[in-house]
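Enquirer:
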Amino acid sequence: MFDRLSFPQPWLSWVLFLTWQILSDGVSGGSVVLGLILAWLIPQLTHGFWPERPGFVKPWRMPAYILRVLKDIVVASFSVAWLILSPRSPRPAFISYPLKLEHPLAISILASTISLTPGTVSADISDDNKTLLIHALDATSDQEVIDAIHNSYEKPLMEMFQ
Amino acid sequence: MSLPLVVLLPFLGAIAAPLFAQGGRTAIAIASSVPALIALAALFPHWSVLAAGGTVLHSYEWLPALGLSFSFRLDGLALLFALLILVIGLLVILYSHYYLKAHENVAKFYSLLLCFKGSMLGIVLSGNLLLMLIFWELTSLTSFLLISFWTHKQDARRGARMALAITGGGGLALLAGILLIGNIVGSFELDDVLAAGDQIKAHAMYPVALTLVLLGAFTKSAQFPFHFWLPHAMQAPTPISAYLHSATMVKAGIFLMARLYPALAGTEQWFYMVSFTGMATLLLGAYIAMFKHDLKGLLAYSTVSHLGLITLLLGMGTQLAAVAAIFHVINHATFKASLFMAAGIIDHETGTRDMRRINGLWRYMPHTATLAMVAAASMGGVPLLNGFLSKEMFFAESLQLNLPGLWAWVPPIIATLAGIFAVAYSARFIHDVFFNGKPVDLPKFPPHEPPRYMKIPVEILVFACIMVGVFPTISVGPLLYSAASATLGGNVPDYELAVIHGFNLPLLMSFMAFFGGLLMYSQRQRFFDFHARFKEIDEKAVFEALVSKFVNLANRFTGWLENGSLQRYAMLLVVSVIAVTVIPLINNGFYIGENGLSAIDWPTGIAAGVLMVSALATAVWHRERFYALVLLSVVGLVVALTFARFSAPDLAMTQLSVEVVTIVLLMLALYYMPSWTPMESSKTQRIRDILIALVAGTGMTVITLAMLTQPFSSISAFFLENSKPGGGGTNVVNVILVDFRGFDTLGEITVLAIASLGIYAMLKNTALTPPPGDGLGHAWTRDHYPLMLKQIARPMLPLALMVSAYIFLRGHNQPGGGFIAGLITSVALILQYIASGMIWTQDRIPFRYHNVIGLGLLFATIAGAGSLASATPS
Amino acid sequence: MLVSAIVLLVLASDGSYRIYAFGNWQPPFGIVLVLDRLAALMLVLTAVLGLFCHIYASGGADKGNRQFHTLFLFQLTGLNIAFLTGDLFNLFVAFEVLLIASYGLLMHGGGTARTVPGLHYVTLNLVGSALFLIGIGIIYSVTGTLNMADLAVKIPQVTGNNLNLVKAGGMMLLVVFGLKAAILPLCFWLPKAYARATAPVAALFAVMTKVGIYAIVRVFPLIFGEGAGELANLGMDWLFPLALITLGMGVIGALGADSLKTLVAWQVIISVGTLLAPIALGSVAGLSAALFYLVSTTWTVAGLFLVSELVTSQRGLAGDSIVTAPKMRHRTFLSVLFLIGAVAAGGLPPLSGFFGKLMILQSVEPGVEMAWLWGVLLVGSFLTLIAYSRAGSIVFWWNVDGHQETPEPMNNRVSISTGILTCLTMLIVVLAGPISDYTRATAEQLHDNRGYINILQTPVHVPQSPLVEESN
Amino acid sequence: MELLFALVIGALTASGVYLLLRARTFPVIMGITLLSYGVNLFLFATGRLATGQQPVIGTSASYADPLPQALVLTAIVIGFAMTAFLVVLSLRNLADNENDHVDGQREETPPHRNKNGR
Amino acid sequence: MITTALYLTIGMVTLATLLNVYRLIKGPDEPDRVLAIDTLYINAIALIILLGITLGTRMYLESALLIAVMGFVSTVAMAKYLKRGSVIE
Amino acid sequence: MSLFAEYAISALLLFGGGFTLVGAIGLARLPDFYTRLHGPTKATTVGVGAIMFSSVIYFSSVDQGIDFSEVLITVFLFMTAPVSANMLAKAAMHIGVETVKDTEGGPWHQ
Ligand code: NA
Ligand code: NA
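Chains as they are written, first to last, in numbering that gives the first Met the number 0: chain F, 0 to 161; chain S, 0 to 873; chain U, 0 to 471; chain X, 0 to 117; chain D, 0 to 88; chain H, 0 to 109.
#1: Which whole-angstrom value describes the C-beta separation of residue 109(S) and residue 452(S), a residue pair presumed to lie in contact below a C-beta threshold of 8 Å?
#2: Quick check on the burial criterion: 16 or more other C-beta atoms within 10 angstroms. Buried or exposed for residue 703(S)?
#3: Flag residue 809(S) as yes when its Cβ comes closer than 6 Å to any non-hydrogen atom of ligand 4, and as no otherwise.
#4: If contacts are defined as beta-carbon pairs under 8 Å, then residue 646(S) and residue 63(X) qualify, I think. What distance do you get, rounded to the angstrom?
#5: What are the uninterrupted segments assigned as alpha helix (DSSP H) that are 4 or more residues long and contained completely in the region 517 to 580 of chain S, given in chain order?
#6: Can you pull the chain X neighbours of residue 54(D), defined as C-beta to C-beta under 7 Å?
#7: Give the C-beta separation of residue 25(X) and residue 672(S) to the nearest angstrom, bearing in mind that I take them to be a contact with Cβ-Cβ under 8 Å.
#8: Pull up the distance between the alpha-carbon of residue 185(S) and that of residue 70(S), whole angstroms please.
#9: Closest to residue 165(U) by CA distance: which of 250(U), 264(U) and 140(U) is it?
#10: Given this structure, state the Cα-to-Cα distance separating residue 324(S) from residue 390(U), to the nearest angstrom.
#11: Tell whether a beta-carbon distance below 7 Å holds between residue 121(S) and residue 139(S).
#12: With respect to the alpha helix (DSSP H) encompassing residue 269(U), which residues constitute its N-terminal and C-terminal limits?
#13: Which same chain residues, not among the five before or five after residue 152(S), have their C-beta less than 7 Å away from its C-beta?
#14: Listed in chain order, which residues of the region 84 to 106 of chain H have Cβ atoms closer than 8 Å to some Cβ of chain S?
#15: Using the beta-carbon count (16 or more within 10 Å), is residue 449(U) buried or exposed?
#16: Excluding the 5 residues flanking residue 851(S) on each side, which residues of the same chain have their C-beta closer than 6 Å to its C-beta?
#17: Tell me, please, whether the CB atom of residue 453(U) is closer than 7 Å to any CB atom in chain S?
#18: Within 7 Å (strictly less), CB to CB, does residue 93(D) reach chain X?
#19: Quick one: give me the first and last residue of the alpha helix (DSSP H) that residue 668(S) is part of.
#20: Secondary structure at residue 353(S), three-state DSSP: helix, strand or coil?
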């Protein structure tokens with residue numbers, strides 16, 4: 000069951016190795032050795048559960064994307080706070096968002112991003128992975144929301160994955 | 000050694016008898032006779048000692064702490080009874096050989112008979128009261144099996160059970176009596192007890208002890224009001240009846256009274272209890288015997304009556320009366336045994352025992368008839384037969400009782416009256432059976448004389464009757480003297496065994512009885528008509544009805560208490576705890592110890608409030624199950640926070656993991672269960688439960704408060720000091736778990752493992768039907784495995800494994816450890832199941848489990864394996 | 000296991016205490032196993048019982064469940080730990096081990112009849128476990144220790160308000176042990192659960208109630224014994240009347256039983272009452288008598304369970320119901336065994352039950368207690384006699400015409416194990432002297448807790464052989 | 000603080016006992032769970048309440064009593080095993096009796112929940 | 000300053016907890032309750048972290064991590080139960 | 000501890016606490032389930048994230064070097080919050096939880 004000294008998912012192994020260093024109290028010889036062992040062993044065990052590779056084409060764009068999302072999260076949190084605290088009752092809406100992305104992981108990331116950024120939550124994804132149902136807390140117009148999402152997040156993701 | 004041998008031999012024979020079953024009936028009969036012959040031979044050499052008034056004692060220690068020893072003691076009284084048992088026993092065996100039919104279980108018969116004989120010998124030869132009691136109960140038991148020998152007969156079964164209940168129950172009273180006597184005397188040895196008569200009679204417990212002992216004796220000897228079992232014991236094969244009711248079983252009670260005569264007799268209590276019981280029995284038995292149409296029934300009630308007579312004699316308390324009693328024991332045994340055997344022959348030859356059908360047998364079996372008529376005459380007290388002699392002594396003694404005023408007339412009148420009845424029923428036995436016209440519709444016709452050898456036992460017994468009747472001094476004189484001497488503790492009065500003592504009052508009474516009896520018999524139809532006006536009670540049916548009433552009552556009572564309601568059982572448990580702790584807790588009150596209360600910080604206060612509210616809300620809204628489950632998980636979460644708040648990180652983590660797995664498990668269960676609990680308890684019951692719950696809660700509050708505020712020191716200082724040097728870890732909790740108290744942890748893992756096994760075994764046979772939709776009537780959504788969840792679940796597993804590894808490795812020094820690590824892995828696997836389903840996931844893990852809930856097992860196994868791994872380094 | 004248990008019995012019979020300290024930690028800090036006369040007696044009792052039940056089970060009752068033997072052995076393991084441990088919390092763990100194994104065993108063999116009694120059994124015992132923990136907690140919170148010897152030292156020193164706490168805690172323990180022992184009013188879970196369990200399991204369970212009694216005998220004389228000052232003889236004034244009522248209830252249940260197994264199950268409750276009454280009186284003689292009776296009744300009841308099962312298997316549709324039915328196979332063999340069992344259980348001479356009862360009767364000092372105990376015990380015996388004679392004569396003797404649909408004949412393992420277990424009562428009679436000497440010495444040892452306390456001073460050492468063995 | 004803790008344990012016990020006395024398996028299991036939470040907290044509290052004194056050598060000046068913590072850990076694990084068994088047993092009861100009544104009574108299955116039925 | 004901020008923060012989080020419980024009890028639908036308990040889990044993480052800062056120990060970080068993991072799994076399981084009845088199928 | 004660190008820690012704490020509270024207020028007072036979903040998903044997650052960061056800075060500045068364990072937790076929370084929200088929304092749509100009156104569009108029927 001173990002392929003000798005192979006790393007079936009190098010990405011995963013890297014992440015695991017780094018995580019181990021974070022968890023251990025500081026980087027030391029022991030933690031590096033243990034981290035290596037775990038980075039090799041765990042993917043061997045879980046390979047079956049996660050056989051498909053994350054189909055990144057341009058992985059280096061990921062950090063920029065994450066930073067952008069983080070910024071949006073923080074900035075937009077204030078607007079949600081405002082919405083929540085203001086006496087005015089919001090005007091919620093369900094919006095069907097036509098997906099251009101095809102890769103399931105990419106869709107998931109997009110949906111997550113939408114949920115984390117203010118005012119919108121991904122409520123559902125259609126069975127054929129073509130439409131995303133978004134609940135907006137306070138929507139002025141559907142199209143505005145769709146465009147904003149497409150431009151800010153879906154486009155960069157499409158670049159990364161296709 | 001010879002005395003124990005005498006008792007032991009029949010038991011050995013009982014074991015051996017079935018072995019001879021192969022050799023045929025004769026072989027068994029012979030084999031069964033051998034023990035008695037040897038026993039007789041073994042007793043013979045002791046005669047010289049006994050004749051000189053001595054006793055033979057063979058004693059071996061057994062259970063000194065109980066006062067129980069293998070003491071065997073032979074004196075005149077014991078010898079007399081032993082001889083009766085052995086000799087009549089031999090005759091019965093001979094008789095049985097011809098009586099039993101070919102297809103019957105002869106081995107069982109002889110085996111039981113020998114057991115019974117051994118037990119009887121045990122009673123009479125015991126030199127220790129407890130030992131005697133053991134044999135006493137054994138006779139109850141073996142007679143039960145003998146009476147029910149024909150197990151297919153309902154009457155036999157019922158009669159046997161009734162006999163067992165009465166005699167066995169009496170045995171229990173006797174046990175209590177003997178224990179009391181033993182307490183008074185300080186020993187159960189017969190010699191000590193007999194020597195301590197004055198001490199016993201002076202003791203405050205004497206009346207109780209006497210009553211209990213007499214209960215034993217009266218039940219066994221079928222004294223009124225316990226007489227009713229005896230006639231129903233007639234369901235036994237006739238040889239058994241002959242044996243049990245002439246010489247043995249029923250005589251055991253008589254023997255007991257005679258045996259303990261020096262220790263218990265001679266007081267007013269004794270006199271009133273024994274003599275009045277005897278008198279009542281004497282009269283009642285004689286009266287009923289007259290109306291019995293069943294040959295054996297007549298004999299049975301006559302037995303009851305004669306037993307009453309003996310008891311009355313013993314109760315009179317005079318020495319001569321006691322001698323008469325002993326004498327009558329011998330006489331009754333001989334004539335009654337022969338009568339039973341004769342009755343058996345008649346039954347055997349005619350196929351019935353109904354005297355209304357059996358008539359004029361003289362024509363068909365003159366030999367048997369002669370024998371039976373002689374024996375019956377003896378029973379009726381005809382001169383020149385042994386029955387006459389003891390009856391004369393009885394009449395004489397009845398005149399000697401110094402009762403005040405008119406009461407002095409009572410005993411002689413009753414004696415005469417009983418005599419009249421006795422003559423009447425004896426006459427009936429003779430006339431109604433052997434003469435009185437022709438037989439009516441006999442099942443077997445015509446009857447013949449029985450086989451030659453079947454008559455021999457009867458002949459021997461009848462011969463004995465005549466011998467004793469004519470030559471009393473020569474035939475039984477020495478034996479009677481020896482027995483009477485043993486009974487009376489050596490003070491034998493002057494008495495004369497003569498056929499005729501001259502014309503005196505007793506003789507007059509005998510004449511009155513004789514002619515009165517004949518007169519009564521001649522007018523029998525009037526008496527029968529008179530008697531027929533009373534409804535005859537079948538005691539067996541009454542007893543049976545009583546027992547089944549009791550059984551039904553017990554059944555209903557049990558069913559009412561043990562009603563199968565867990566609610567009730569749980570309530571009883573909780574209420575029991577409350578009941579036994581309420582006094583200390585009320586004494587404790589709302590107590591705050593010397594450490595006092597510490598300040599509350601308000602986040603903790605609010606968390607506590609949340610916990611309390613969620614807990615109570617769980618109870619309040621429990622009928623909406625999912626809601627209650629959510630509330631329960633809040634409780635679990637806050638409990639974990641509480642552990643964290645009060646310095647127990649390990650506990651917090653364990654609690655969290657266990658809680659989530661539990662909730663998932665409960666949800667799995669809830670899928671199959673109704674999502675809603677119906678209202679079932681009544682309002683009263685709910686209020687009751689609320690009260691119980693509140694009291695329980697208050698109790699725990701009071702305890703906790705008192706406990707938390709008391710100063711305290713524990714053995715834990717040792718753990719804190721030795722954890723690092725001795726246990727090699729800084730996390731003291733984990734060091735305790737794997738080292739100081741590693742054995743607990745081993746047990747805990749074992750529990751997990753067994754639970755998994757049990758769950759697995761149970762699930763194999765469980766077929767659950769999943770409901771088609773939720774409680775609102777929605778069908779389940781088609782969407783099994785949502786995309787986002789699937790995507791996030793994938794990386795979760797490797798990450799969780801790593802966290803597990805981390806938590807596991809640091810456990811010895813930091814919070815964490817194997818169990819938590821195992822649970823994290825389990826939870827990560829649960830996530831895979833939720834996200835991607837059973838089949839997908841199972842294809843990817845090396846174990847196989849067949850059922851949904853088998854997962855619980857999986858989690859437990861993983862957690863157990865985790866903690867096992869962490870426990871082994873110790 | 001029987002061999003090792005007997006070796007331990009021989010070791011213990013010299014009256015010494017042998018301890019095994021896990022991890023070589025000096026008590027009271029580590030967990031110790033303590034072997035004394037009582038522990039050895041219980042081990043032998045259980046080992047013998049376990050052996051024959053296991054042989055019986057291997058004659059076919061273990062079919063269809065590979066876990067059976069594992070659970071069976073775990074059950075024995077739990078029992079053995081319970082008898083040996085010298086630590087209160089470890090006793091809890093041992094209880095849990097044997098309970099969880101018993102849950103599994105109880106459900107063994109499937110069938111819907113077992114589910115509900117099993118559910119009741121498990122639920123009540125879970126509450127019992129909770130109570131056990133509370134009791135332990137209270138006692139720890141006052142004394143700061145869990146080792147029983149150490150507790151025996153510390154409990155007499157408790158003063159002031161803590162007395163109330165310890166009383167409450169001790170009483171909770173008594174309730175827990177009472178629940179396991181099935182004392183009234185905590186006994187109603189038992190009859191159905193036992194009556195419906197597979198025979199070897201029910202037979203093994205004969206010792207389960209004895210664990211509760213063992214725990215009472217172990218913990219209470221030691222910790223709340225004569226020397227416990229204000230806490231001396233805690234709870235015993237409750238125990239005595241309850242024991243007698245339990246005895247009475249058992250008798251009524253037995254009388255009203257409609258099947259042999261139910262009858263025997265109520266016999267278990269009768270035994271519990273019979274055992275606890277003299278124990279509650281607290282004398283050496285009473286304790287000794289109870290221990291003697293305990294050995295006798297455990298084996299006898301177990302034997303009767305096996306007999307009842309054999310009757311069920313040979314009697315077609317009627318099973319073990321006390322109703323008339325066509326004649327069963329092997330009637331003679333089975334009826335003789337039943338007779339022996341019934342005589343022993345009913346306490347009639349000449350079998351061991353009688354001697355046990357005799358000792359119990361003799362152990363009471365004259366007084367009110369004596370009147371009650373004698374009265375209830377003797378009247379109870381009388382009614383039991385009626386119950387057994389009625390049941391036996393109906394089941395074995397009252398045959399209606401008809402043909403038994405040829406049941407499978409018994410195999411040797413089943414019949415031999417049942418026979419031997421039932422006849423052990425005779426062995427007890429033969430060895431009554433030595434056994435009563437042993438129980439007497441055991442009772443004396445229990446009564447004088449100084450020896451037990453001394454194990455705190457015993458320097459720990461590694462014994463030559465391990466004390467617990469988990470194989471049969 | 001002690002009073003608060005005592006009240007918490009009291010509330011857990013009371014709720015647990017009330018649920019224990021219900022007639023269906025599910026509430027009974029929840030009741031036992033609540034009861035065991037209460038018992039675990041109680042057992043934990045026998046070492047008295049300590050703030051910031053986790054018994055890890057070197058992390059604090061004084062330490063909470065570690066023994067009750069160890070005991071509670073054992074108790075939690077055992078309780079988990081027992082609860083799991085009870086859950087499965089109650090499912091078995093459901094399968095056998097088509098009903099989740101604790102006494103296995105074969106009654107009609109309870110009506111399905113409706114919005115107004117609470 | 001940190002102390003003051005800490006107290007204020009603890010106060011806010013505790014208040015948030017109370018609001019969560021309000022929603023939990025109020026409902027009105029099951030998803031509301033699950034949402035409330037999900038939020039409660041996250042607040043619990045905050046409380047644990049704040050406790051750690053107050054006590055100056057990192058001993059409780061793993062507890063926080065565990066709450067995060069367990070909270071997520073239990074939320075997901077509950078949501079799945081509401082949708083599918085069977086959490087694991 | 001540097002003053003900067005103190006300011007940063009305090010600010011982050013207050014920011015975090017504030018957002019946690021805001022999320023809870025949203026949960027408590029918004030009109031329907033779908034709107035209530037927004038508060039916890041974003042505000043609370045952000046709030047707790049901020050508190051974690053303050054913890055990282057606090058412990059890094061008081062003693063034993065840098066330890067990023069809290070970051071792991073935060074990342075985990077950010078990864079899982081949307082999934083939880085998604086699952087809950089799906090459940091709500093399945094059950095047919097009602098929307099507030101003036102909602103545009105409607106949930107999908109499951
Ligand atoms: Na443990
Ligand atoms: Na979440």
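We put the CB at the ideal spot given by N, CA and C, even for glycine.
Note that the structure is a prediction, hence the values are computed from the model and not measured.
Expert: In this structure, then:
#1: Incorrect: roughly 17 Å between the Cβ atoms, too far for contact.
#2: Under this definition residue 703(S) is a buried residue.
#3: Ligand 4 is absent from the structure shown, which contains only ligand 1 and ligand 2.
#4: 4 Å
#5: 523 to 531 and 538 to 560
#6: 51
#7: 6 Å
#8: 16 Å
#9: 140(U)
#10: 40 Å
#11: No, the Cβ-Cβ distance between residue 121(S) and residue 139(S) is not below 7 Å.
#12: 259 to 280
#13: 234
#14: 85, 86, 89, 93, 94 and 95
#15: Exposed.
#16: Since pLDDT at residue 851(S) reaches only 49, below the 50 mark, its modelled position is unreliable, and no value is offered.
#17: no
#18: This structure cannot settle anything about residue 93(D), because the visible part of chain D is limited to 0 through 88.
#19: 648 to 671
#20: Three-state result, residue 353(S): strand.
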